[in-house]
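Residues 1 to 262 (full-length UniProt numbering) are what the sequence shown spells out, left to right. Just so it is clear, CB atoms sit at the ideal spot from N, CA and C, and this is done for glycine as well. Okay, so here's the structure we're looking at.
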Amino acid sequence: MIDPVILQQGSDWRAQAEIFDEIFFVFLALGTLVGTIVVSYTLWNVYKYRDDGNRSDEEFDAPVVGELPTGQGGPKAKKLFLSFGLSAIVVISLVVYAYGLLLYVEQGPDTGDEGDIEIMVEGYQYGWAFEYPNGHTEREELIVPADQRIDLNITSRDVWHNFGSSDLRIKSDAIPGDYSETWFAVSSEDVEAQGGEATYRVECFELCGAGHSAMKGQITVLPEDEWEEWYASTGNSSESAGNSSSIAASGVGAVAPSGVSA
1 MIDPVILQQG SDWRAQAEIF DEIFFVFLAL GTLVGTIVVS YTLWNVYKYR
51 DDGNRSDEEF DAPVVGELPT GQGGPKAKKL FLSFGLSAIV VISLVVYAYG
101 LLLYVEQGPD TGDEGDIEIM VEGYQYGWAF EYPNGHTERE ELIVPADQRI
151 DLNITSRDVW HNFGSSDLRI KSDAIPGDYS ETWFAVSSED VEAQGGEATY
201 RVECFELCGA GHSAMKGQIT VLPEDEWEEW YASTGNSSES AGNSSSIAAS
251 GVGAVAPSGV SA
C-alpha cells in the first residue's frame, strides 16, 4: 500500500484534484494499453485460426464445455493460467495503488494541527456562508491562502445541500443539525498560473429547491502574505459576529491559523 506519508513532504502536499487526476490518467493509460493488447491478440488469433478450408476435422481440438483445456500437452492450459495470473496482478496492483491514494484523500495531510485553517460552511436556500476563526463571515465567497490546508466543517440551515467544487474535486453533504468534513489545498504555483489570484466555482450538488441552480459561490485563493493582510483587516467586529450568529450558535469550535491572531 502507498504510505500517505510519501504523499506529503513538509508543506508540499498533494491536492485532491491532483490525486484524482493521477488516478484517472493511470487507469486510462493502463486500460488503453491492456485493451490494445487484448484486442490485438484476439484479432491475431482470429486470423491464425481462421477456417481456410485446408484443415480436417481430426486436427481440430474443439473445447469441451465444463472442462479446463488441460490436455494436448497443456499449451492452452499454460496460456489460460498465464493470462489469469497477469490479470490478477494488474487488478490487485491497481486496487492497492488506488486505495492508498484515496486513503490520503480521506484523511488529508498530517500537519499536527499547526497551520491549518478551519472554516465553518453553512448552506441555506440559496447561498453559502463562511465563518472564519475570528468570527468574520463572508457570503458566497470563501477567501483562503495558498500553500495551506483548509479544513471545512459543513452544515445546513434549512434543507439538505451539498457543498462542492468540481475544479478542486471536493464534495460534501450539508445536512441540518449535522456536520461533515472535507479539506483542500491550493499551491502557490496554481495561484501564480492564474495571475496571482486563483478562483474556483462552488456549487450545490443536491437538489434543494426552486433556486438550486442559482446556488453558487466562489473560492478565492490568495498568496499567503496577501491573505494574512486581508484576514487581519477583518478583525472581530460586531458586524462580523452578527452575520455569523446562525453558525456560531452551533457551538462548534475552529482552529486559528498559524501566525494569525484570532
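State yes or no: is the C-beta of residue i within less than 9 Å of the C-beta of residue j?
i           : j           : result
residue 175 : residue 160 : yes
residue 106 : residue 152 : no
residue 199 : residue 219 : yes
residue 263 : residue 26  : With the chain covering 1 to 262 only, the question about residue 263 has no answer from this structure.
residue 145 : residue 221 : yes
residue 150 : residue 183 : yes
residue 99  : residue 14  : no
residue 139 : residue 165 : no
residue 136 : residue 211 : no
How should residue i be labelled, buried or exposed, when 16 other C-beta atoms within 10 angstroms of its C-beta is the threshold for buried?
i           : result
residue 302 : Outside the shown range of the chain, which is 1 to 262, sits residue 302, and nothing can be said about it.
residue 37  : exposed
residue 64  : exposed
residue 17  : buried
residue 82  : exposed
residue 101 : buried
Residue i to residue j, Cα distance in whole Å?
i           : j           : result
residue 230 : residue 130 : 15 Å
residue 223 : residue 187 : 9 Å
residue 124 : residue 21  : 31 Å
residue 156 : residue 177 : 7 Å
residue 167 : residue 190 : 12 Å
residue 29  : residue 116 : 35 Å
residue 122 : residue 154 : 6 Å
residue 206 : residue 228 : 33 Å
residue 179 : residue 80  : 51 Å
residue 66  : residue 41  : 24 Å
residue 254 : residue 194 : A caution first: residue 254 carries a pLDDT of 38, below 50, which makes its placement in the model too unreliable to give a value.
residue 214 : residue 126 : 7 Å
residue 172 : residue 217 : 15 Å
residue 233 : residue 32  : 53 Å
residue 19  : residue 134 : 32 Å
residue 120 : residue 141 : 13 Å
residue 44  : residue 52  : 15 Å
residue 181 : residue 78  : 51 Å
residue 84  : residue 54  : 32 Å
Beta strand (DSSP E) containing residue i: first to last residue?
i           : result
residue 150 : 150-156
residue 180 : 180-184
residue 174 : 170-174
residue 129 : 127-131
Please list the terminal residues of the continuous alpha helix (DSSP H) segment that includes residue i.
i           : result
residue 28  : 16-48
residue 191 : 188-193
Whose C-alpha, out of the options, is nearest the C-alpha of residue i?
i           : options               : result
residue 162 : 120, 203 and 103      : 203
residue 34  : 138, 103, 196 and 91  : 91
residue 148 : 196, 210, 102 and 185 : 185
residue 197 : 23, 181, 225 and 136  : 225
residue 158 : 208, 181 and 24       : 208
residue 24  : 235, 192 and 94       : 94
Measuring only from the beta carbon, is residue i closer than 8 Å to any heavy atom that is part of the ligand COA?
i           : result
residue 124 : Here there are no bound small molecules, and the ligand COA is not part of this structure.
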